[in-house]
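Student:
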Amino acid sequence: MAQTDEMSTAVPEAPARPRRRRARRVLLIGGGVVLALALAAGGSAYWAYRHLEGNLGTVDIDRALGTDRPAPLPDGAQDILVLGSDSRDGENGDLAGGNTGGTARSDTTMVVHIPQGRSAATVVSIPRDTMVSRPACTTTGGQELPAATRVMFNSIYTSGGPACVVKTVESMTGLRMNHYVEIDFAGFERLVDAMGGVEVTVDAPITDPYSGLQLPAGATTLDGKQALAFVRTRHGVGDGSDLGRIGLQQKFLLAVLSQLQRQGTLSDPTRAYGVADAATKALTTDQDLGSLTSLLTFAQSLKGLQPERMKTVMLPVVADRIDHNRVVADEAKAAALWLSLRDNRPLPSTAPSASPSARGRSSASAAAHN
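Following my numbering, the numbering of the sequence shown begins with -14 at its first residue and continues without gaps.
(1) Taking only three categories from DSSP, how would you classify Gln101?
(2) My guess is that Met162 and Asp53 are in contact by the Cβ rule of under 8 Å, so how many angstroms apart are they, rounded?
(3) Would a C-beta distance cut-off of 8 Å place Val222 and Leu233 closer than the cut-off?
(4) With DSSP as the reference, label His220 as helix, strand or coil.
(5) Can you tell me which of Ala148, Pro59, Thr153, Ala189 puts its alpha carbon nearest to the alpha carbon of Pro359?
(6) Give me the Cα-Cα distance between Ser338 and Thr107, rounded to the nearest whole angstrom.
(7) When you compare only the Cα positions, how much space is there between Gly145 and Gly127?
(8) Could you tell me how far apart the beta carbons of Thr335 and Lys318 are, in whole angstroms, since I believe they sit closer than 8 Å?
(9) Assuming Ile168 is part of the beta strand (DSSP E), what are its boundary residues?
(10) Please classify Val18: does DSSP put it in a helix, a strand, or coil?
(11) Nearest-angstrom Cα distance between Met116 and Ser110?
(12) Establish whether the CB of Thr52 and some CB of chain D are separated by less than 8 Å.
(13) At which residues does the beta strand (DSSP E) containing Gln63 begin and terminate?
(14) Checking the sheet assignment: what are the DSSP bridge partners for Glu184?
(15) Using the DSSP secondary-structure output, state which residues sit across from Val44 in a beta bridge.
(16) Applying the 10 Å Cβ sphere with the 16-neighbour rule, what's the burial state of Val303?
(17) Of the residues Leu242, Gly259, Ala314, His164, which one's Cα is nearest the Cα of Gly289?
(18) Under 8 Å by Cβ, that's how I've got Ala284 and Pro301 pegged, so tell me the actual separation to the nearest angstrom.
(19) Which complete alpha helix (DSSP H) runs does the segment 95 to 152 hold, if anything under 4 residues is left out?
(20) Once you ignore the five residues that flank Ala189 on each side, which residues in its own chain have a CB closer than 6 Å to its CB?
(21) Go ahead and pull the three-state DSSP assignment for Asp193.
(22) Apart from the five residues just before and just after Arg103, which ones in its own chain have a Cβ nearer than 8 Å to its Cβ?
(23) Relative to the C-alpha of Leu324, which candidate in Leu207, Leu176, Leu160, His164 has its C-alpha closest?
(24) Throw me the rounded Cβ distance for the Leu176 and Val260 pair, which I believe falls under 8 Å.
(25) Less than 7 Å between C-beta atoms, sequence neighbours within five positions excluded: which residues of the same chain meet that for Val151?
(26) Who are Lys296's beta bridge partners in DSSP?
(27) Tell me where the beta strand (DSSP E) around Ala304 begins and ends.
(28) Quick check on the burial criterion: 16 or more other C-beta atoms within 10 angstroms. Buried or exposed for Asn139?
(29) Identify the continuous alpha helix (DSSP H) that holds Leu277 and give its terminal residues.
(30) Considering just the uninterrupted stretch of the beta strand (DSSP E) at Leu324, what are its terminal residues?
(31) Assuming Gly172 contacts Ala105 under a Cβ cut-off of 8 Å, what Cβ separation, rounded to an integer in Å, is found between them?
(32) I'd like the span of the beta strand (DSSP E) that includes Leu200, first residue to last.
(33) Measure the beta-carbon distance from Gln244 to Glu184 and round it to whole angstroms, keeping in mind my assumption that it falls under 8 Å.
(34) Val313 bridges to which residues according to DSSP?
(35) Let me make sure I understand the geometry here. Which of Ser70, Asp328, Asn329 has the alpha-carbon closest to that of Arg217?
(36) Quick one: is Gly61 buried, meaning 16 or more other Cβ sit within 10 Å of its Cβ, or exposed?
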């Protein structure tokens, strides 16, 4: 399960006269895969609010990282680190792909950059097999972890927890992560089921015995189990490596946003509450987002964001010269990508898309596994 600090127990003042409200927009960004989440229940009774608030897990990123961080962007732009956790103990032990002995890993990582005005966004996926330099950081348990070179990106969550992942990403990008959103895989499955499934369209059939995914070409409505396999599959697409499935994760993200923004998606108050309940159970956030009120306020600020105005790219990488089953950042292209976000400029033409159909099989896929 996802690593969390103590859950928020703050209780808002009860409204004088509980009443029914129209379902508000629910927005999920991420993989794992999710980016930001706004929730509103179909009923606003005091007990329902307390229940949803109690579902949320929080982690104090600011306390762990201190002041040695990039400065916030002066134009009000926001950067959110979205992480899908691949812990296999507890409920997650039944997920396709086998048991990892309870070791928690980050399986999906996206940096979501939202410029001032919040009507557009850029999503940058970081391949989990990327070899990186990890700066010194404080673990979730309060221990000091020394700096290290040649660390595989997804192992940082295992050894240091969320704060060390944020510290590493800030070091890589020069961008301050304003918020942290983590989604637990088992909770992600329940969330998709609460939504009534999510429709995706693929150009070619996908068969992956490792994730258990079998999809025909064309449009398919995925239930929670299928959706989780969809964002985790790697053997059924592209070169069989982590690079191939990133395209599917981003495709799923856009499908979720489109579905939730269709008129009537959350017109049923019962379904709206079910989605909110499943979502809050699946989430761990930084403390600034760690209350229902904060999530709703943040979601309202994103109400102008449309799926067609979201650009999805991948961190530019090349094969690692030491271990060909791993990749490293293409430093020049990666620097240009992060600079374009910091300066609010168009993305460079060298920023790669993550379309699995655009990739042939590579040597990096030979040792890849789910």
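No residue lacks a Cβ here, since even glycine has one placed at the ideal position from N, Cα and C.
Tutor: In this structure, then:
(1) The answer is coil: DSSP assigns Gln101 none of H, G, I, E or B.
(2) The Cβ separation is near 14 Å, so there is no contact.
(3) Taking a C-beta distance under 8 Å as the contact criterion, Val222 and Leu233 qualify as a contact pair.
(4) When secondary structure is reduced to three states using DSSP, His220 falls in the coil class, being assigned neither helix nor strand.
(5) Nothing can be reported for residue 359, as the shown portion of the chain is limited to -14 through 355.
(6) So the two alpha carbons sit approximately 12 Å from each other.
(7) The alpha-carbon of Gly145 is positioned some 9 Å away from that of Gly127.
(8) Cβ-Cβ separation between Thr335 and Lys318: approximately 4 Å, consistent with a contact (criterion under 8 Å).
(9) 164 to 169 is the extent of the beta strand (DSSP E) around Ile168.
(10) Per-residue confidence for Val18 stands at a pLDDT of 28, beneath the threshold of 50, marking its modelled position as unreliable; the derived number appears in the next sentence. In the structure shown, the three-state DSSP call for Val18 is strand.
(11) Those two C-alpha atoms are separated by around 14 Å.
(12) The question asks about chain D, but that chain is absent: this structure has only one protein chain.
(13) Looking at the DSSP string, the run of the beta strand (DSSP E) that includes Gln63 is 63 to 70.
(14) Answer by DSSP bridge pairing, in chain order: Thr206.
(15) Val44 is bridged to Asp271.
(16) Per the 10 Å Cβ criterion, exposed.
(17) Of the listed residues, the one whose Cα sits closest to Gly289 is Leu242.
(18) Their Cβ separation, rounded to whole angstroms, is 31 Å, which puts Ala284 and Pro301 out of contact at 8 Å.
(19) Unbroken alpha helix (DSSP H) stretches of 4 residues or longer found wholly inside the segment 95 to 152: 140 to 145, given in chain order.
(20) Cβ contact annotation for Ala189 (same chain, cutoff 6 Å, sequence separation greater than five): Ala202, in chain order.
(21) Note: Asp193 maps to strand in three-state DSSP.
(22) For Arg103, where only same-chain residues beyond five positions count, the Cβ hits under 8 Å are Gln63, Ser286, Leu287, Gly289, Leu290.
(23) Residue nearest to Leu324 within the set Leu207, Leu176, Leu160, His164 is Leu160 (criterion: CA-CA distance).
(24) The Cβ separation is near 7 Å, so the contact holds.
(25) Excluding residues within five positions, the ones whose Cβ falls inside 7 Å are Ile46, Leu50, Leu66, Met162, Tyr165.
(26) Paired residues: Thr107.
(27) Taken as a continuous stretch (DSSP letters only), the beta strand (DSSP E) holding Ala304 covers 302 to 304.
(28) It counts as buried.
(29) Leu277 -> alpha helix (DSSP H) spans 277 to 286.
(30) Where Leu324 is concerned, there is no enclosing beta strand (DSSP E), although the alpha helix (DSSP H) it sits in stretches over 316 to 327.
(31) Cβ atoms of Gly172 and Ala105 stay farther apart than 8 Å, at about 28 Å.
(32) Bounds of the beta strand (DSSP E) holding Leu200 are 198 to 200.
(33) Right, the Cβ-Cβ distance comes to about 7 Å (below 8 Å), so this counts as a contact.
(34) Val313 is bridged to Met116, Val303.
(35) Considering only alpha carbons, the answer is Ser70.
(36) Its Cβ having fewer than 16 others within 10 Å, Gly61 is exposed.
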